[in-house]
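Mapping of the sequence shown onto UniProt numbering: residues 1 to 218, in sequence order.
A virtual CB, placed ideally from N, CA and C, is assigned to each residue, including glycine.
Keep in mind it's a predicted model, so treat the numbers as computed, not measured.
Scroll down for the structure; my scribbles are underneath it.
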Amino acid sequence: MLGFLEKVADYTKEAVSAAKYLVDGLGVTFDHMRRRPVTVQYPYEKLIPSERYRGRIHYEFDKCIACEVCVRVCPINLPVVDWVMNKETKKKELRNYSIDFGACIFCGNCVEYCPTNCLSMTEEYELSAFDRHSLNYDNVALGRLPTSVTSDPSVRPLRELPYLPKGIMDPHELPANQLRAGKLPSQIIKELQADKSEEEGKNNSSDMVPNKLNSTNK
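See below:
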């Protein structure tokens with residue numbers, strides 16, 4: 001009888017402990033249900049990267065002097081600099097320059113130590129490909145300027161996550177009693193549509209004024 005009671009007591013303790021963990025997990029879930037959504041409708045919406053974002057490397061062929069400093073400071077010796085020595089001028093002539101972004105860790109050392117500033121970091125991060133060999137960019141591919149998020153007409157840039165105050169990117173940085181400012185994506189879209197219709201109305205009214213003046217002059 002005593003052994004049976006001990007088993008019942010152990011089972012009860014385990015059940016209470018499991019219920020406690022379940023309530024804690026549901027508490028986190030219900031806490032996030034009160035908040036504004038943070039989902040970005042990619043690729044139609046994109047967050048604007050920070051100014052110091054280390055994306056795809058941009059390369060300017062005309063500035064490069066083939067010094068190979070980028071190769072020496074690279075942790076994995078990634079850049080490939082193909083050059084020949086011109087016997088007449090006794091200077092290096094650059095033939096080709098390539099970087100394999102499939103192996104690049106985007107540390108930015110090559111950009112920081114380049115003496116001629118022919119390398120720069122961009123905000124481009126969409127480098128997915130079906131073949132890993134296509135991630136090996138030559139000097140022509142590296143020379144293409146990326147399309148900025150703010151200049152792409154098919155994308156709506158989001159400067160902040162929808163439900164967080166300006167300058168805060170992590171919800172855990174907010175005090176527990178602070179209200180989360182922001183607007184739902186549907187609210188933002190409605191405001192944009194209203195502003196657009198109001199602007200179109202102003203343009204139409206301004207176009208009608210010269211027509212009336214012309215009719216009175218006649």
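Query, Result
"To the nearest angstrom, report how far apart residue 162 and residue 5 are at their CA atoms.", "Model confidence at residue 162 stands at a pLDDT of 48, short of 50, so the residue's coordinates are unreliable and nothing is read from them."
"Would you mind reading off the limits of the alpha helix (DSSP H) that contains residue 98?", "Element bounds for residue 98: not the alpha helix (DSSP H) but the beta strand (DSSP E), 91-100."
"Give every residue of the same chain whose Cβ lies closer than 6 Å to the Cβ of residue 58, excluding the five residues on either side of it in the sequence, and list them in chain order.", "120, 122"
"May I have the straight-line CA-CA distance separating residue 181 from residue 194, to the nearest angstrom?", "Confidence in residue 181 is poor, its pLDDT being 46 and thus under 50, which makes the residue's placement too unreliable to answer from."
"Give me whichever residues DSSP pairs with residue 77 in a beta bridge.", "DSSP lists no partner for residue 77."
"Using DSSP with H/G/I as helix, E/B as strand and the rest coil, what is residue 50?", "coil"
"Quick check: the stretch 100-117 against the stretch 40-58, are at least 3 beta-carbon pairs closer than 8 Å?", "yes"
"The beta strand (DSSP E) with residue 221 in it runs from where to where?", "Since the first and last residues shown for the chain are 1 and 218, residue 221 lies out of range."
"Taking just the CA atoms, how far does residue 29 sit from residue 41?", "22 Å"
"Do residue 118 and residue 74 count as a contact pair if the criterion is CB distance below 8 Å?", "no"
"Using alpha carbons as the reference points, say which of 85, 99, 44, 19 lies closest to residue 134.", "99"
"So which of 104, 67, 96 has the shortest CA-CA distance to residue 78?", "104"
"In or out: residue 190 buried (at least 16 other Cβ within 10 Å) or exposed?", "exposed"
"Here's a check: name, in chain order, each residue in its chain whose Cβ is nearer than 8 Å to the Cβ of residue 49, leaving out the five neighbours to either side.", "55, 123, 125, 149"
"Is it buried or exposed, residue 44, if we count other Cβ atoms within 10 angstroms and call 16 or more buried?", "exposed"
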